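Heads up: the sequence shown begins at 45 in this note's numbering, then just goes up one per residue.
We put the beta carbon where it would ideally sit given N, CA and C, even for glycine.
In this text, all values refer to a predicted model and were calculated from it rather than measured experimentally.
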Amino acid sequence: MMYEKMSKEFLINRIKDLEEQVEHLRISRRVLMNLIEKIEKEKRFYLAKLENENKRLQKNNSKYAQWLWQKNRKLIELETKVEQKS
45 MMYEKMSKEF LINRIKDLEE QVEHLRISRR VLMNLIEKIE KEKRFYLAKL
95 ENENKRLQKN NSKYAQWLWQ KNRKLIELET KVEQKS
């Protein structure tokens, strides 16, 4: 085995180094998970905001389309009356 020739002190230090690396990785993972959670929360917030804006715009668009339809119908009625009088 390759570790047979290495000193006990070296191996202990190597184990400590590896344990520190594992701890740093755990901390890094927690930081990344917190960032992901924050980003997901912001994404949900903006998505809800965009959905509300979309609903508002659709409602306004529907009202405007109805208004245009009524004005067009009134215009056609007036044109018909003018043609009938001529």
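(message) Going by DSSP in three states, residue 130 sits in which element: helix, strand or coil?
(response) coil
(request) Closer than 6 Å by C-beta to residue 91: which residues in its own chain qualify, once you throw out the five before and the five after it? Chain order, please. (result) none
(request) Let me know the secondary structure DSSP gives residue 51 once reduced to three states. (result) coil
(request) Taking only the alpha-carbon atoms, compute the straight-line gap between residue 124 and residue 107 and give it to the nearest angstrom. (result) 26 Å
(message) Quick check: the Cα distance between residue 104 and residue 110, rounded to an integer number of angstroms?
(response) 10 Å
(request) Give the straight-line distance between the Cα atoms of residue 99 and residue 59, rounded to the nearest whole angstrom. (result) 59 Å
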